[in-house]
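Participant: To start, I am sharing the structure in question, which I have written as structure tokens.
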Amino acid sequence: MFHWLEKRPFFLGVLMFLFVAFAGIVTILPSFADMARPTVGTKPYTVLELAGRGVYIKDSCNACHSQMIRPFKSETDRYGMYSLSGEYAYDRPFLWGSKRTGPDLLRVGNYRTTDWHENHMLDPVSIVPGSIMPKYPHMFKNLANIDTAWAEAETVRRVFSVPYNEPLIQKDGTYQSVKLASTVEEARADALAEAKLVVADMKTQDVIDAVERGEIPEIVALIAYMNSLK
Amino acid sequence: MDGRTLEYDYTVSKWFLITTVILGIIGLLIGVIIAFQMAYPELNNLFGEYGTFGRLRPLHTNAIIYGFVLSGVFSSWYYIGQRVLKVSLHESPFLQVIAKVHYFTYLLVIALAVVSLLSGVTTSKEYSELEWPIDIFVVIFWVSWGIGIGGLVGMRREKSLYISIWYFMATFLTVAMLYLFNNMSVPTYFVTGAGDWYHSVSMYAGSNDAMVQWWFGHNAVGFVLTVPIIAMIYYFLPKESGQAVYSYKLSLLSFWALIFVYLWAGGHHLIYSTVPDWVQTMGSLFSIVLILPSWGSAINMLLTMKGEWQQLQTNPLIKFMIMASTFYMFSTLEGPIQAIKSVNALAHFTDWIPGHVHDGALGWDGFMIIAAAFHMAPRIFRREIYSRKLMDIQFWMQTVGIVLYFSSMWIAGITQGMMWRAADQYGNLAHSFIDTVIMLHPYFVIRGVGGVLYLVGFLFFAYNFYKTITVGRKVEDHELKNASPMAIV
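Laid out in structure tokens, this is it:
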């Protein structure tokens, strides 16, 4: 049979394709719908948080930090409750990472504060002696990309029916909703209002001044995102 | 053409070969820089935001996988394809044009990748970081390569397809499938009319995204860093040594088993994550099964040298290829061990993983591509290899470099994995995270030194290659039959 195939490239190619395509179909498709379902209490990101997530991706924080707590005592002691599939339902792309040069960040919002991040991003060694993390002074100057973050939120709302502006049941039985503005102008104003709450806990004068002027430096968005990780 | 020898057209093969050498230097250099950044973090802030580990790491992986390795693969294809199919590109002006479209679109993608990754424009998916506008050019060059393969195969005089052609075909088909599915995304600007025009959002969310990504990620490794490299060794080793491939049946078995089993193993990147347990178990199981076809090919290559082992002493090219096979066996044993659930619990997220990758990339891919370049250069440029001595020095330098790399990363990975889980007598965590980082400093330095050795060896290669194609002695046809001609200096 193989001698026959070797002289017939078309059929050889078809058989090869069946061989390689098989595993993907069998492993990925059956659980697809199940895995897309959010857990109770999981909320979509606000525009400011998404902009911060964009900063996280832009500087490839995921090259060194995971967002995946495995179900071992040593991990839950260090980082908190192990990960559940539904917690990632609004993560596009997923940011689990594959290397822990630095600690896991999935629940960093539970145990780090705005000012901790502010100091740490500016000079990691001053907060964690021996740290090998780079300094990120440029995040205090570059502005966060709010327009793109809104475009992303609006896209997933329209295309994937992500439930913005809809009441979502929480773990305590109450309902909360995440607001998404219908225009980019309105979204900028919402993000700025949210940024002001973050900046209230910050002390870098340039950043405070920028937000006063109506601009949002990357660091503010990033911290908003970090604080949302719980 | 009867009675005359074919005049092969090596134009595009030559271009890709030179590109291989240049991108190899760039990719390795960035690798050395980021290796030292982990030992000396001040090195992160030398070039503002553009020099941090986060920006450079995707550039390093892309430059090596899709720059160095892929251009080596393409160069070999345009060389091997014509020869084993007994047909020349000269016979089809159409395919000649397509080959040039392939090369220049590829070059454009490399240039765009450098600019976009340095500016932080990335999808964040490992080895699939390029945003959708660049993906379109990737599709163009991949399809032009496919047309090239199909065209040559269609025109062939040799009716039976040689093993190397199977592997090239499998590379083309599989990467096409994986790349398309993993890069499915929605451009946000075209939905909303706001924000950056090149930004997009993944079609899949969370655990699904992870499943698709590692189905892709593992097999991008498989079908770029393994499958076409096997195509190369199946051609270059028998040719250089003058030996017939040891077993046809073993190559058949290894080929079909490899392409079937490989695609299941992606799940081993997701062990103890939130994807279904059975997917993790299948990933683990099939990774172990994968030892068989991997070792099948490698043993087939080693046995091809049966009775001719003295060539290791007389021909450095054979040395490179045998060492490449050996590193292939080594990393295809190490990988399955890391895929065992209990080992993975320790090894995952540690430096043992990059250690494993580099066994394969430096030892198997690097050495095989270097050997291929040294085999092709005398035949494409019709010149003798400039210096055999330099090749020998390069070989040992790079081998020592790889040994330093993987041994330090083994120790680093296992040490850190053990420290993360260590508990004191009351069951509390024994170490803070930063303790486990500080502990790694000496290993990061050793790894960096290993990287420097490999890079310097590669620079020797580049110099030797440059001298070969510019001042090497002109050779006649009869010198090019098997062992490549080389000057004994």
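Residue numbers (the numbering used here), protein chains in the order written: chain A, -10 to 219; chain B, 100 to 588. Every residue, glycine too, gets a C-beta built ideally from N, C-alpha and C.
(1) According to the neighbour-count rule (16 or more other Cβ atoms, all chains shown, within 10 Å of its Cβ), is B:Leu279 buried or exposed?
(2) Counting only the same chain and skipping the five closest in sequence on each side, list residues whose C-beta sits under 7 Å from that of B:Glu433.
(3) If you compare alpha carbons, which of A:Ala133, A:Pro92, A:Val187 is closest to A:Ser120?
(4) To test your reading of the DSSP string, which unbroken alpha helix (DSSP H) runs of 4 or more residues are found completely within the region 108 to 187 of chain A?
(5) What separation, rounded to the nearest whole angstrom, lies between the Cα atoms of B:Gln342 and B:Ser506?
(6) Sorted by chain position, which residues of the same chain lie with C-beta nearer than 8 Å to B:Leu503's C-beta, five sequence neighbours on each side aside?
(7) In three-state terms, what does DSSP make of B:Met475?
(8) Measuring alpha carbon to alpha carbon, tell me which of B:Leu194, B:Asn307, B:Gly250 ends up nearest B:Lys224.
(9) Please determine, among B:His530, B:Ala364, B:Ile125, B:Tyr542, the residue with the shortest C-alpha to C-alpha distance to B:Met508.
(10) Mind checking if A:Met191 is an interface residue toward chain B, Cβ cutoff 8 Å exclusive?
(11) Determine the direct distance from the alpha carbon of B:Ser218 to that of B:Met467, and round the result to whole angstroms.
(12) Got a sec, what are the start and stop residues for the beta strand (DSSP E) B:Val285 sits in?
(13) Which of the three DSSP states, helix, strand or coil, is assigned to B:Ala522?
(14) Listing by chain order, which chain B residues have their CB less than 8 Å from the CB of A:Ser150?
(15) Where do the N-terminal and C-terminal ends of the alpha helix (DSSP H) with B:Ser396 fall, by residue?
(16) Are the CB atoms of A:Arg26 and A:Tyr34 within a distance shorter than 8 Å?
(17) Using a C-beta cutoff of 8 Å, does B:Met276 count as contacting chain A?
(18) Given that a residue counts as buried once 16 or more other Cβ atoms are within 10 Å of its Cβ, and exposed if not, what is B:Met100?
(19) Check this for me: beta carbons of B:Thr403 and B:Val326, under 8 Å apart or not?
(20) How far does the alpha helix (DSSP H) with B:Ser80 in it reach, from first residue to last?
(21) What is the C-beta distance between B:Met254 and B:Val186, in whole angstroms, given that I count them as a contact (C-beta under 8 Å)?
(22) Would you verify that the beta carbon of A:Arg101 is, or is not, closer than 8 Å to some beta carbon of chain B?
(23) Run through DSSP, which three-state label would B:Phe448 get?
(24) Name the chain A residues that come within less than 7 Å of B:Met508, Cβ to Cβ?
(25) Name the chain A residues that come within less than 8 Å of B:Tyr371, Cβ to Cβ?
(26) Look at the Cβ atom of A:Asp104, then the Cβ atom of A:Asp198, and state whether they are nearer than 8 Å.
(27) When DSSP builds the beta bridges, which residues end up paired with B:Pro415?
(28) For B:Leu528, which beta-bridge partners are listed by DSSP?
(29) Are any of the Cβ atoms in chain B nearer than 8 Å to that of A:Asn51?
(30) Against A:His109, what residues of chain C qualify as contacts under a CB-to-CB distance less than 9 Å, listed in chain order?
(31) If you drop the 5 nearest sequence neighbours on each side, which residues of the same chain put their C-beta closer than 7 Å to that of B:Val360?
(32) For a cutoff of 8 Å on Cβ pairs, would you count B:Asn144 as touching chain A?
(33) DSSP three-state call for B:Met100: helix, strand or coil?
(34) Identify whether A:Ser72 lies in helix, strand or coil by the three-state DSSP scheme.
(35) What do you reckon, is the C-beta of B:Tyr371 under 7 Å from a heavy atom of the ligand FMN?
(36) If the criterion is Cβ atoms closer than 8 Å, does the pair B:Lys573 and B:Arg481 meet it?
Facilitator: Quick answer:
(1) Counting from one through the second sequence, the residue named residue 279 of chain B turns up at place 180. Exposed, by the Cβ-count rule.
(2) For the purposes of this step, residue 433 of chain B is taken as the residue at position 334 of the second sequence. For B:Glu433, where only same-chain residues beyond five positions count, the Cβ hits under 7 Å are His455, Asp458.
(3) What you label residue 120 of chain A is simply residue 131 of the first sequence in a count that begins at 1. Among A:Ala133, A:Pro92, A:Val187, the Cα nearest to that of A:Ser120 belongs to A:Pro92.
(4) Along the region 108 to 187 of chain A, the alpha helix (DSSP H) occurs as fully enclosed runs of 4 or more residues at 113 to 116, 135 to 149, listed in sequence order.
(5) On the second sequence, position 243 is the one that residue 342 of chain B refers to. On the second sequence, position 407 is the one that residue 506 of chain B refers to. One C-alpha to the other measures close to 34 Å.
(6) In the second sequence, residue 503 of chain B corresponds to position 404, counting from 1. Closer than 8 Å at the Cβ level, and outside the excluded window around B:Leu503, lie Ile545, Arg546, Val548, Gly549, Leu552.
(7) Reading the second sequence from its first residue, position 376 is the one you call residue 475 of chain B. Three-state DSSP puts B:Met475 in a helix.
(8) Here residue 224 of chain B corresponds to residue number 125 of the second sequence, with the count starting at 1. Out of B:Leu194, B:Asn307, B:Gly250, the CA that lies nearest to the CA of B:Lys224 is found in B:Asn307.
(9) The residue given as residue 508 of chain B occupies position 409 in the second sequence. That would be B:Tyr542, whose Cα lies nearest to the Cα of B:Met508.
(10) To locate residue 191 of chain A, count along the first sequence from 1; it is residue 202. A:Met191 does not count as touching chain B.
(11) Locating residue 467 of chain B in the second sequence gives position 368, where the first residue counts as 1. Locating residue 218 of chain B in the second sequence gives position 119, where the first residue counts as 1. Distance between the alpha carbons of B:Met467 and B:Ser218 is about 33 Å.
(12) By 1-based counting over the second sequence, the position of residue 285 of chain B is 186. Taken as a continuous stretch (DSSP letters only), the beta strand (DSSP E) holding B:Val285 covers 284 to 286.
(13) Looking up residue 522 of chain B in the second sequence gives position 423. Three-state result, B:Ala522: strand.
(14) Taking the first residue of the first sequence as 1, we reach residue 150 of chain A at position 161. Neighbours of A:Ser150 on chain B: none; closest Cβ ~11 Å, over 8 Å.
(15) Position 297 of the second sequence, counting from 1, holds the residue named residue 396 of chain B. Note, B:Ser396: alpha helix (DSSP H), 390 to 403.
(16) What you label residue 34 of chain A is simply residue 45 of the first sequence in a count that begins at 1. What you label residue 26 of chain A is simply residue 37 of the first sequence in a count that begins at 1. Annotated as distal: A:Tyr34 and A:Arg26, with beta-carbon spacing of 8 Å or more.
(17) By 1-based counting over the second sequence, the position of residue 276 of chain B is 177. Answer yes: the Cβ-Cβ gap between B:Met276 and chain A drops below 8 Å somewhere.
(18) Here residue 100 of chain B refers to the residue found at position 1 of the second sequence. With a pLDDT of 45 at B:Met100, under the threshold of 50, the modelled position of that residue is not reliable, and the figure given next carries that caveat. That one is exposed.
(19) As a working note, residue 403 of chain B is residue 304 in the second sequence. As a working note, residue 326 of chain B is residue 227 in the second sequence. No, the Cβ-Cβ distance between B:Thr403 and B:Val326 is not below 8 Å.
(20) The structure shown does not extend to residue 80 of chain B, since chain B spans only 100 to 588, so no value can be given for it.
(21) Position 155 of the second sequence holds residue 254 of chain B. Position 87 of the second sequence holds residue 186 of chain B. With a beta-carbon spacing of about 5 Å, B:Met254 and B:Val186 fall inside the 8 Å limit used to define contacts.
(22) For this step, residue 101 of chain A is matched to residue 112 along the first sequence. A:Arg101 does not count as touching chain B.
(23) What you label residue 448 of chain B is simply residue 349 of the second sequence in a count that begins at 1. Strand at B:Phe448.
(24) The sequence position of residue 508 of chain B within the second sequence is 409, counting from 1. None at all; the shortest Cβ gap to chain A is about 12 Å.
(25) The sequence position of residue 371 of chain B within the second sequence is 272, counting from 1. Neighbours of B:Tyr371 on chain A, chain order: Arg59, Pro60, Phe61.
(26) Here residue 104 of chain A corresponds to residue number 115 of the first sequence, with the count starting at 1. Here residue 198 of chain A corresponds to residue number 209 of the first sequence, with the count starting at 1. A:Asp198 is positioned such that its CB atom lies no closer than 8 Å to that of A:Asp104.
(27) Walking along the second sequence from the start, residue 415 of chain B turns up at place 316. Paired residue(s): none; B:Pro415 is not in a bridge.
(28) Locating residue 528 of chain B in the second sequence gives position 429, counting from the first residue. B:Leu528 pairs with B:Ala522.
(29) Counting from 1 along the first sequence, the entry for residue 51 of chain A is found at position 62. For A:Asn51, the answer is yes, since a Cβ of chain B falls inside 8 Å of its Cβ.
(30) The structure shown contains no chain C; the protein chains it does contain are A and B.
(31) Counting from one through the second sequence, the residue named residue 360 of chain B turns up at place 261. Residues Phe385, Val388, Leu389, Pro392 of the same chain have their beta carbon placed closer than 7 Å to that of B:Val360, with the five preceding and five following residues left out of the count.
(32) For the purposes of this step, residue 144 of chain B is taken as the residue at position 45 of the second sequence. B:Asn144 counts as touching chain A.
(33) Position 1 of the second sequence, counting from 1, holds the residue named residue 100 of chain B. In this prediction, B:Met100 scores a pLDDT of 45, lower than 50, which makes its location untrustworthy; the coordinate-derived value is nonetheless stated afterwards. Coil at B:Met100, not helix or strand.
(34) Position 83 of the first sequence holds residue 72 of chain A. Correct three-state label for A:Ser72: coil.
(35) This structure lacks the ligand FMN; in fact it carries no ligand of any kind.
(36) For the purposes of this step, residue 573 of chain B is taken as the residue at position 474 of the second sequence. For the purposes of this step, residue 481 of chain B is taken as the residue at position 382 of the second sequence. Contact flag set, yes.
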